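See the structure below:
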C-alpha cells in the first residue's frame, strides 16, 4: 500500500486502464464464485429435502426449507459424541502444542546447552518426513505401547509438532535478548523468566500457533484412522467419513451428509474470519520453513 | 557484590544446560517416540512377514528379507499390479494437479496483487478459505457436487451437455482423447499396446491418463491448495522492489514483457517452493481417496498412500504395506531432490551462457 505513495508513473491510455479494471474484476468475481459457491450449495442443500436436493442441486434457496437433516444428525447418528471427542482432543492438543512447542522453541533459540544443534537438526529432519508415510509406523508404536484405540492414542502423538517448534524458535531468534537478560540478572530463574517475561512478549506468535494447532487438530483425519477403531472414539472427521462411506440407511441422504460437514466446518470458519491475518501469517511462516 | 555476580553467572550457565534439556525434553520425547522410533519399527516390519497378530517383535515373526519389496516390483501378481496401477494413477495425478495448482495460484496472486483493483483483500480471503477447512468435510461437498444428479451435472445440463457418472467412470482421460481423435478405439485397443509393458502393466494401461473419477479428486485438490500457494506468491510479489517495476515501465515494456522478464524471474524462489510443496503434497493424497472413492472405480483412484493403508489395515499384510510406505517415502524425497537439482542447475547455467556462441542451433 505504501507503494502507491511512492508515486507511479502516469498510465498511458485511460481506455486500457478501464478494460484492465473490468477484466481484473471479472477474473476475481469468477474465481470468488468458484471458491465460495460450493459452500453456498453445501449450506443450502443441508436445509433441503432429499428430493429437492436431487432435483435442484444448484439452487441456493431450499424449497421447502427444512431442518429435518439436522434433527436426524443429532437423533440417529453419533454426532454429539463425535463433537465431544473432537472438542476434547482439540483442546488437549492445542494446549499441549502451544506450551510444549514454545518451550522447546525458546530453548533452541535462547538457551545454550550441549546437543542443541543436534535437537534442532532432528526437528528440521522430522518436519521433512511426509505424514502419510508414517501411518503404519504410528500404528505400530501405538500398538506396541498398548495404547492403540484409546484417547491417549488420539492425543499423545500430536501433542508436539515439529513445525510449531520451528516457528517458535524462529520467533524467539527475532526478539532482542536484552529484556530477558535483565530479568535473569535480577536473579529470576530460567523458567520464571520464560513464563513471566518471554511468553507475554511472544503473544502474536502464540496466537498464530494456537490457531494453527486448533485448525490442524480439529480437521485431523489420517491420524485418527490408525490410532483408533472403536466408534466410541471417533472425532468429527472420522465420524463423517464413516457416515459417508455407507453407515447410513437407504438413499443418498445428501442433506444430512452436507449438514454434518457444514457443522464440522463452522468452528474453523468462525476462527478464520476473526483471526484471518494470523492464518495468513501462519501460511507464510509454515512455508518459509523450507 | 562481584562475588555474587560471578556466582550468579556460572549459576545461570549451569542452569541453562539443565533447563535447556528440560525445556526440549517433552518435544524430543514425543517426536522421538511417535515419529523417529516408529520409522525404525516400520523398517523391520517391511522386511518381516508380520500379519498383525501379537507383537511384530515377538520371536515367531519371520524375517523375509526383501520379499515385500520384490513383490512390488519384480514378482508377477496382484500385489505388483495394484502397486503399479497406484503409481500410474499418482503420476497422472501429480502431472495434472501440480501444474494446475501452481498456475492457478500464480494467476490469482498476480490479479489480487494489482494495485488498481479495490477490495482485493476480500478476494484473497475467499480464495484462501477452502484451504483451512476440513479435508473430510470438503470431500463430502465434492461428492455432492459431482454426484449423478449433483450441481456440476446440473450446470452441464444447462449448456446441453449430459455429464458423466463422475465417481463410477473408470475411463482414462488420455484414452478418451485418443479415442476422440480417432487414433484408437476404446472398445478395441490396439494389440501393439495391450501386448505387454513394463512392470506387468500393459502400455495401454500405462497410457490411460487420469480416470474421470480421479479428475474430480484432482479438481478438489487444486481447489483447496491454490489458496495457500497464492499466499506464498503474494508474499513474494510484495518483495518485488517497486523501482524495478517502474524502470521496466519507463523502458516501455508491456504487461506481458514485464511479467515474463521482470516479475517471474523474481518469483523463482517462490515458484520453487510451491512446486516442491506441490510435489510433496500430491504424492500424499489420502483423505480424499478414503472419503470419496476408496480406490474405486476399477482401482483408478488408488494411490500408493491409500494402497499402503489398505494393504496393511484391510488385508493385514503389514509387511507389504510398510514396504509401500518406504517406496513412497523414497519417491517423495527423490522428487524434492530432483526439483532442487533442476532449479540449482538453472541458476548456474544462466551466467555461463555469455561465453557460449551467441546463436546456437537447436540440435
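Residue numbers (our numbering), protein chains in the order written: chain A, 1 to 290; chain B, 1001 to 1363. For every residue, glycine included, the Cβ atom is placed at its ideal position computed from N, Cα and C. Computed from a predicted model, the values in this text were never measured in an experiment.
Along the alpha helix (DSSP H) that carries residue 1035 of chain B, what are the first and last residues, could you check?
-> Position 35 of the second chain holds residue 1035 of chain B. Careful: residue 1035 of chain B lies outside any alpha helix (DSSP H) and carries neither H nor E.
Can you tell me whether DSSP reads residue 1202 of chain B as helix, strand or coil?
-> Along the second chain, one-based indexing puts residue 1202 of chain B at 202. Residue 1202 of chain B: coil per DSSP, three-state reduction.
Residue-level contact to chain A via CB, residue 1041 of chain B, 8 Å cutoff | The sequence position of residue 1041 of chain B within the second chain is 41, counting from 1. Yes, residue 1041 of chain B counts as interfacial toward chain A.
Is it a yes or a no for the segment 249 to 266 of chain A touching the segment 1324 to 1336 of chain B, going by three-plus beta-carbon pairs under 8 Å?
-> No, the segment 249 to 266 of chain A is not in contact with the segment 1324 to 1336 of chain B.
Name the chain B residues whose beta carbon is nearer than 7 Å to that of residue 138 of chain A?
-> Counted from its first residue, the first chain places residue 138 of chain A at position 138. Residues of chain B passing the Cβ test: 1034 and 1038.
Tell me whether residue 258 of chain A is buried or exposed, calling it buried when 16 or more other Cβ atoms sit within 10 Å of its Cβ.
-> Residue mapping note: residue 258 of chain A aligns to position 258 of the first chain, counting from 1. Its Cβ being crowded by 16 or more others within 10 Å, residue 258 of chain A is buried.
DSSP on residue 35 of chain A, reduced to helix/strand/coil?
-> The sequence position of residue 35 of chain A within the first chain is 35, counting from 1. Residue state, collapsed to three classes: helix.
Could you confirm whether any beta carbon from chain B is found closer than 8 Å to the beta carbon of residue 22 of chain A?
-> If you number the first chain from 1, residue 22 of chain A lands on position 22. It does not; no Cβ of chain B falls within 8 Å.
Does residue 41 of chain A have its Cβ less than 8 Å from a Cβ in chain B?
-> The count along the first chain starts at 1 and reaches residue 41 of chain A at position 41. Residue contact check for residue 41 of chain A against chain B: a CB pair falls below 8 Å.
Which whole runs of the alpha helix (DSSP H) in the segment 1019 to 1093 of chain B are 4 residues long or more, in chain order?
-> DSSP runs (the alpha helix (DSSP H)) wholly in the segment 1019 to 1093 of chain B: 1037 to 1045 and 1067 to 1073.
Establish whether the CB of residue 245 of chain A and some CB of chain B are separated by less than 8 Å.
-> Translated into the one-based positions of the first chain, residue 245 of chain A becomes position 245. At least one chain B Cβ lies under 8 Å of residue 245 of chain A.
Reduced DSSP secondary structure (H/G/I, E/B, other) of residue 1255 of chain B | Sequence index remark: in the second chain, residue 1255 of chain B carries index 255 (1-based). In the structure shown, residue 1255 of chain B sits in a helix (DSSP, three-state: H, G or I).
Could you give the uninterrupted runs of the alpha helix (DSSP H) lying entirely in the segment 102 to 171 of chain A, keeping only those of 4 residues or more?
-> Whole alpha helix (DSSP H) segments, 4+ residues: 116 to 128, 135 to 145 and 151 to 155.
Looking at C-beta atoms only, is the number of pairs between the segment 1043 to 1053 of chain B and the segment 1312 to 1319 of chain B that lie closer than 8 Å three or more?
-> Result yes; three or more Cβ-Cβ pairs closer than 8 Å.
Would you verify that the beta carbon of residue 48 of chain A is, or is not, closer than 8 Å to some beta carbon of chain B?
-> Residue 48 of chain A sits at position 48 when you count from the first residue of the first chain. Not an interface residue.
Go through its chain and collect everything with a Cβ distance to residue 1135 of chain B's Cβ below 6 Å, but skip five positions before and after it.
-> Sequence index remark: in the second chain, residue 1135 of chain B carries index 135 (1-based). For residue 1135 of chain B, where only same-chain residues beyond five positions count, the Cβ hits under 6 Å are 1287.
Quick one: list the residues of chain B neighbouring residue 112 of chain A, beta-carbon separation under 9 Å, in chain order.
-> Numbered from 1 along the first chain, position 112 holds the residue referred to as residue 112 of chain A. By Cβ distance, chain B contributes 1013, 1016, 1017 and 1020.
Is the Cβ of residue 61 of chain A closer than 8 Å to any Cβ of chain B?
-> For the purposes of this step, residue 61 of chain A is taken as the residue at position 61 of the first chain. No - not a single Cβ of chain B is within 8 Å of the one on residue 61 of chain A.
Under 6 Å Cβ to Cβ from residue 1308 of chain B, same chain only, skipping five residues before and after it: list those, please.
-> Start at 1 with the first residue of the second chain, and residue 1308 of chain B comes out as number 308. Within the same chain, 1321, 1324 and 1325 come within 6 Å of residue 1308 of chain B by CB-CB distance, once the 5 residues on both sides are set aside.
Put residue 174 of chain A into one of helix, strand or coil per three-state DSSP.
-> Position 174 of the first chain, counting from 1, holds the residue named residue 174 of chain A. When DSSP states are grouped into helix, strand and coil, residue 174 of chain A belongs to the coil group.
Given that residue 1130 of chain B touches chain A, what residues does it touch there, using C-beta distances under 7 Å?
-> As a working mapping, residue 1130 of chain B is identified with position 130 in the second chain. Counting only Cβ-Cβ distances below 7 Å, residue 1130 of chain B has contacts in chain A at 35, in chain order.
Using a Cβ cut-off of 8 Å, which residues of the segment 209 to 222 of chain A contact any Cβ in chain B, in chain order?
-> Cβ proximity to chain B below 8 Å picks out 215, 218, 219, 221 and 222 from the segment 209 to 222 of chain A.
In angstroms, rounded to a whole number, what distance separates the CA positions of residue 27 of chain A and residue 1151 of chain B?
-> Locating residue 27 of chain A in the first chain gives position 27, counting from the first residue. Locating residue 1151 of chain B in the second chain gives position 151, counting from the first residue. Straight-line spacing of the CA atoms in residue 27 of chain A and residue 1151 of chain B works out to 22 Å.
With DSSP collapsed to three states, give me the class of residue 189 of chain A.
-> In the first chain, counting from the first residue as 1, residue 189 of chain A sits at position 189. Note: residue 189 of chain A maps to coil in three-state DSSP.
Out of curiosity, what's the CA-to-CA distance linking residue 1179 of chain B and residue 1077 of chain B?
-> Position 179 of the second chain holds residue 1179 of chain B. Position 77 of the second chain holds residue 1077 of chain B. Going from the Cα of residue 1179 of chain B to the Cα of residue 1077 of chain B covers about 30 Å.
Have a look at residue 1364 of chain B and residue 110 of chain A and give me their C-alpha separation to the nearest angstrom.
-> Absent from the structure is residue 1364 of chain B, since the part of chain B shown begins at 1001 and ends at 1363.
Taking the CB atoms as reference points, tell me whether residue 165 of chain A and residue 105 of chain A lie closer together than 8 Å.
-> Position 165 of the first chain, counting from 1, holds the residue named residue 165 of chain A. Position 105 of the first chain, counting from 1, holds the residue named residue 105 of chain A. A contact, by the Cβ cut-off of 8 Å.
Is there a Cβ from chain A that is less than 8 Å from the Cβ of residue 1282 of chain B?
-> As a first step, residue 1282 of chain B is located in the second chain; it is residue number 282 there, counting from the start. No, residue 1282 of chain B does not count as interfacial toward chain A.
Please say whether residue 1212 of chain B and residue 1265 of chain B have beta carbons closer to each other than 8 Å?
-> To locate residue 1265 of chain B, count along the second chain from 1; it is residue 265. To locate residue 1212 of chain B, count along the second chain from 1; it is residue 212. Between residue 1265 of chain B and residue 1212 of chain B, the C-beta spacing is not below 8 Å.
Any C-beta of chain A under 8 Å from that of residue 1308 of chain B = Translated into the one-based positions of the second chain, residue 1308 of chain B becomes position 308. So, interface residue.
Would residue 131 of chain A count as contacting chain B if we go by Cβ distances under 8 Å?
-> Position 131 of the first chain, counted from the start, is the residue given in the question as residue 131 of chain A. True, the Cβ-Cβ gap to chain B drops below 8 Å.
Kindly indicate which three-state DSSP category residue 19 of chain A falls into: helix, strand or coil?
-> For the purposes of this step, residue 19 of chain A is taken as residue 19 along the first chain, with counting starting at 1. Three-state DSSP puts residue 19 of chain A in a helix.
Option nearest residue 226 of chain A by Cα separation, candidates A:177, A:278, A:131 and A:256 = Position 226 of the first chain, counting from 1, holds the residue named residue 226 of chain A. Minimum Cα distance to residue 226 of chain A is reached at A:131.
Cβ pair residue 210 of chain A, residue 85 of chain A closer than 8 Å = To locate residue 210 of chain A, count along the first chain from 1; it is residue 210. To locate residue 85 of chain A, count along the first chain from 1; it is residue 85. Going by C-beta atoms, residue 210 of chain A is not nearer than 8 Å to residue 85 of chain A.
Expressed to the nearest angstrom, what Euclidean distance is found between the alpha-carbon atoms of residue 167 of chain A and residue 261 of chain A?
-> Numbered from its first residue, the first chain carries residue 167 of chain A at position 167. Numbered from its first residue, the first chain carries residue 261 of chain A at position 261. Going by the C-alpha atoms only, they are around 31 Å apart.
What separation, rounded to the nearest whole angstrom, lies between the Cα atoms of residue 1280 of chain B and residue 37 of chain A?
-> For the purposes of this step, residue 1280 of chain B is identified with residue 280 of the second chain, where counting begins at 1. For the purposes of this step, residue 37 of chain A is identified with residue 37 of the first chain, where counting begins at 1. Our two residues, residue 1280 of chain B and residue 37 of chain A, have alpha carbons roughly 29 Å apart in a direct line.
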